[in-house]
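**Q**
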Amino acid sequence: MEPVTLTTDRLLLRPVGPQETDAVHAICQDADIQRWTTIPSPYLPEHARGFTEQMAPEGWANGSMFTFGVFLPTGELTGMLSITMRSLGTGEIGFWGAKEHRGRGYITEAAVAASRWAFTRMSIDRVEWRAEVGNVASRAVAERAGFTVEGVLRSSINNKGVLRDCWVGSLLPSDLGLPSTAPYLPGKG
Numbered sequence: 001m002e003p004v005t006l007t008t009d010r011l012l013l014r015p016v017g018p019q020e021t022d023a024v025h026a027i028c029q030d031a032d033i034q035r036w037t038t039i040p041s042p043y044l045p046e047h048a049r050g051f052t053e054q055m056a057p058e059g060w061a062n063g064s065m066f067t068f069g070v071f072l073p074t075g076e077l078t079g080m081l082s083i084t085m086r087s088l089g090t091g092e093i094g095f096w097g098a099k100e101h102r103g104r105g106y107i108t109e110a111a112v113a114a115s116r117w118a119f120t121r122m123s124i125d126r127v128e129w130r131a132e133v134g135n136v137a138s139r140a141v142a143e144r145a146g147f148t149v150e151g152v153l154r155s156s157i158n159n160k161g162v163l164r165d166c167w168v169g170s171l172l173p174s175d176l177g178l179p180s181t182a183p184y185l186p187g188k189g
């Protein structure tokens, strides 16, 4: 698939490439990003190169992962967001935000925009969010973006060789006032 660019009131979401390698490397030196995400730790320059030059472009090319850099109008990278295809009609969102830009709602705004795009352009009917139990910042972003936290999955995230419990939540098209590609009949009980 050809990469796309999305805009919001305050942000530009676009694919990343080699020009972002240094910024990604610098931002990912943050202890919280290394603790709560599954990026390698320590995060070396070659990890950033592999991400910006291979992983992100290849995900777009083969339709497996749609990665957006989250940029201010000035061109400054404030975060990263991906929607990874998990099964037919289901994508999983993942994100991180640069420490100096946290608390301004940028990643929440980006998560809504990317989910809206996935629902309207990618025939996705469920965007899942997962975060290790205790990652309250990720949970706050997900909840502000409209995700419903559905529970805890035991031993569901492998973070640097350790299996950990995670929260799981979802966002459906109807949560954003959009139609689904198929009828949805919620369970009763």
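Per our numbering: the sequence shown = residues 1 to 189.
C-beta: ideal position from N, C-alpha, C; glycine also.
(1) Just checking my contact of glycine 79 with isoleucine 107 at CB under 8 Å: how many whole Å lie between their CB atoms?
(2) Quick test of your reading: proline 57 and glycine 17, contact by CB under 8 Å. State the CB separation rounded to the nearest angstrom.
(3) Strictly by DSSP, which residues pair up with threonine 7?
(4) Given a cut-off of 8 Å on the beta-carbon distance, is the pair arginine 115 and leucine 72 in contact?
(5) Evaluate contact between the stretch 4–15 and the stretch 36–55, counting only Cβ atoms and requiring at least three cross-stretch pairs below 8 Å.
(6) In terms of alpha-carbon separation, which member of Ser156, Pro173, Gly75 lies closest to threonine 181?
(7) Residues in the same chain with beta-carbon distance under 8 Å from cysteine 28, minus the five sequence neighbours each way, listed in chain order, please.
(8) For a test of the three-state rule: what should DSSP assign to phenylalanine 66, helix, strand or coil?
(9) Under 8 Å: do the stretch 132–139 and the stretch 157–165 share three or more Cβ pairs, one atom per stretch?
(10) Please specify which runs of the alpha helix (DSSP H), each continuous and at least 4 residues long, are wholly inside the stretch 98–156, giving them in chain order.
(11) At the level of alpha carbons, what is the spacing between isoleucine 87 and alanine 31?
(12) Between which two residues does the beta strand (DSSP E) containing glycine 169 stretch?
(13) Out of curiosity, what's the CA-to-CA distance linking glutamate 76 and phenylalanine 66?
**A** Put simply:
(1) Working through the sequence shown from its first residue, we reach residue 79 at position 79. Working through the sequence shown from its first residue, we reach residue 107 at position 107. Indeed they touch by this definition, with Cβ atoms about 5 Å apart.
(2) Your numbering for residue 57 matches position 57 in the sequence shown. Your numbering for residue 17 matches position 17 in the sequence shown. The Cβ separation is near 7 Å, so the contact holds.
(3) Against the sequence shown, residue 7 aligns to sequence position 7. BP columns for threonine 7 point to Leu12.
(4) Reading the sequence shown from its first residue, position 115 is the one you call residue 115. Reading the sequence shown from its first residue, position 72 is the one you call residue 72. The sequence given here places serine at residue 115; arginine does not occur at that position. It is not a contact, given that the beta carbons lie outside the stated cut-off.
(5) no
(6) As a first step, residue 181 must be located in the sequence shown, where it is residue number 181. Of Ser156, Pro173, Gly75, the residue nearest in Cα terms is Pro173.
(7) Here residue 28 refers to the residue found at position 28 when the sequence shown is read from its first residue. Cβ neighbours of cysteine 28 beyond the five flanking positions: Gln34, Ile39, Tyr43, His47, Ala48, Trp96.
(8) Translated into positions along the sequence shown, residue 66 becomes position 66. Three-state result, phenylalanine 66: strand.
(9) yes
(10) 106–121, 136–144
(11) Within the sequence shown, the letter at position 87 stands for residue 87. Within the sequence shown, the letter at position 31 stands for residue 31. Reading off the sequence, residue 87 comes out as serine, not isoleucine. Their Cα atoms are separated by approximately 32 Å.
(12) As a working mapping, residue 169 is identified with position 169 in the sequence shown. First-last of the beta strand (DSSP E) with glycine 169: 162–171.
(13) The sequence position of residue 76 within the sequence shown is 76, counting from 1. The sequence position of residue 66 within the sequence shown is 66, counting from 1. Cα-Cα distance, rounded: 20 Å.
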